[in-house]
């Protein structure tokens, strides 16, 4: 009986697993959808030629780094946000959100400088030795400057959605991610291919 009791204690109750999955599944779905955005972008640009595809790909590496840093900041702050939320410490939660905000602003500043001031120099490190380097850089610079404008909305959505997850509200961030992905895909279709009378920018 003692062995059975210890074995039972080694595993959480069914109710605990149900609650954990109720939080984990929407979080996993949201992160999957966020990662699908760049995949969708690459897929839709692939029909425009190798040079444009390469330009988008090298720019995507810079965007990926920006997303990693911003997510890391929110995850670091999330440890404290969860603790303060559990303790009902509203002042601590506000301080944690301020940490996320100012650390993210610093990352945004670096990203913006790369996108708007030195895009060609930054991207040139990734096309060394490529016979079509100049053509790829021309396309990459255009895309990078355009994606520079997504820094602010990305950070706002990341900070808010991560904070909501950390206090146990996981459905709202998931719904927002789904809507944002659909809007992104729709406008990609309009502007990349010039659909429904929109100018073709691809």
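Residue numbers (the numbering used here): 6 to 207. Every residue gets a Cβ at the ideal spot worked out from N, C-alpha and C, and that includes glycine. Computed from a predicted model, the values in this text were never measured in an experiment.
Which term fits residue i, buried or exposed, when burial requires 16 or more other beta carbons within 10 angstroms of its beta carbon?
| i | result |
| --- | --- |
| residue 79 | buried |
| residue 146 | buried |
| residue 45 | exposed |
| residue 107 | exposed |
| residue 170 | buried |
If the criterion is Cβ atoms closer than 8 angstroms, does the pair residue i and residue j meet it?
| i | j | result |
| --- | --- | --- |
| residue 175 | residue 28 | yes |
| residue 35 | residue 179 | yes |
| residue 83 | residue 167 | yes |
| residue 197 | residue 132 | no |
| residue 152 | residue 68 | yes |
| residue 186 | residue 50 | no |
| residue 47 | residue 32 | no |
Helix, strand or coil, according to DSSP, for residue i in the structure here?
| i | result |
| --- | --- |
| residue 33 | helix |
| residue 199 | coil |
| residue 47 | helix |
| residue 173 | coil |
| residue 133 | coil |
Hey, how far is the Cα of residue i from the Cα of residue j?
| i | j | result |
| --- | --- | --- |
| residue 156 | residue 19 | 41 angstroms |
| residue 208 | residue 99 | One cannot answer for residue 208 here, as it falls past the ends of the chain, which runs 6 to 207. |
| residue 181 | residue 126 | 35 angstroms |
| residue 111 | residue 120 | 14 angstroms |
| residue 6 | residue 172 | Here residue 6 scores only 48 on pLDDT, less than 50, and its place in the model should not be relied on; the value that follows carries that caveat. Computed Cα separation, rounded: 39 angstroms. |
| residue 189 | residue 148 | 15 angstroms |
Tell me, please, whether the stretch 110-125 touches the stretch 57-77 by the rule of three or more beta-carbon pairs shorter than 8 angstroms.
-> yes
Three or more C-beta pairs closer than 8 angstroms, one from the stretch 124-143 and one from the stretch 51-61: is that the case here?
-> yes
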